Ligand code: ADE
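Now the structure itself:
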């Protein structure tokens, strides 16, 4: 998979692409990530990317030209264009899983007060990462890329995400490691038993219990 990200703040992505699982996924060739500063595409001498809103009002608005030209330069027939905006569809694990099927994802990060409405016409999908407003789409684009990349073949062990929270509409079960007794807090007996079938049942029951307690809305959604 290839992910191209359009931003005015490319340095924000330095840590994201140079650490841990994402770094390894890039090195293995599971994903290629390109960061584009769309200011480079501004066709005016001062490389301006924003201007005052028609009709007046607070803040600056991103102009369409630099973003349209940047997309024209990188788009192919396989490209799927996502605009990050608090007005978009709320991102979740189901959307992450669907997006793993795309060959090429282009993400457009807005910044400042907003973007010219005509930029919306470029997008195949508008995504929000939650009902709060951030200073720009950079963090959302990293959140979304991260959740997609970890699902790609060979990036993490298959087992680790088959049982993820949300992957099957349920929260994950509790896990423990050594020691079996830490400051009086004991690991449930069944996990020490070596009885695989009992462990499987216990984990499934814990998933149901947890989801009912913490996210009853997920159970209802499942019908
Ligand atoms: N840009 C600013 N806030 C955002 C949000 N919550 N989701 C996606 N993009 C954003």
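Numbering (my numbering), first residue to last: 502 to 724.
By construction, the Cβ of each residue, glycine as well, lies at the ideal position given by its N, Cα and C atoms.
These figures come from a predicted structure and were not determined experimentally.
query	result
With distances taken from CA atoms, which of 503, 714 and 683 is nearest residue 576?	503
Quick check for students: name the residue ranges of the alpha helix (DSSP H) that lie wholly in the region 633-688, counting only runs of 4 or more.	639-650 and 659-663
Report yes if the C-beta distance between residue 588 and residue 631 is below 8 Å; otherwise report no.	no
Taking the beta strand (DSSP E) that residue 537 falls in, what are its first and last residues?	533-538
Within 10 angstroms of its Cβ, does residue 639 collect 16 or more other Cβ (buried), or is it exposed?	buried
Do you know offhand how far residue 541's Cα is from residue 626's?	24 Å
Is residue 567 near the ligand ADE, with its Cβ less than 7 Å from a heavy atom?	no
Just verifying my parser: in three-state terms, what is the DSSP assignment at residue 630?	coil
Between residue 808 and the ligand ADE, is the CB less than 7 Å from at least one heavy atom?	For residue 808 there is no data in the structure shown, the boundaries of the chain being 502 and 724.
To the nearest angstrom, report how far apart residue 559 and residue 614 are at their CA atoms.	8 Å
Could you pull the DSSP bridge partners for residue 500 from this structure?	Nothing about residue 500 can be reported from this structure: the residues present for the chain run from 502 to 724 only.
On the CB-based measure, 16 or more other CB atoms within 10 Å of its CB, does residue 691 come out buried or exposed?	exposed
Helix, strand or coil for residue 516 per DSSP?	helix
Measure from the alpha carbon of residue 527 to the alpha carbon of each residue in 557, 547, 647 and 537, then state which is nearest.	647
Closer than 7 Å: is that where the CB of residue 630 sits relative to any heavy atom of the ligand ADE?	yes
Across the region 664-675 and the region 704-722, are there enough close Cβ pairs to call them in contact, namely three or more that are closer than 8 Å?	yes
For residue 661, is the classification buried or exposed, using 16 other Cβ atoms within 10 angstroms of its Cβ as the cut-off for buried?	exposed
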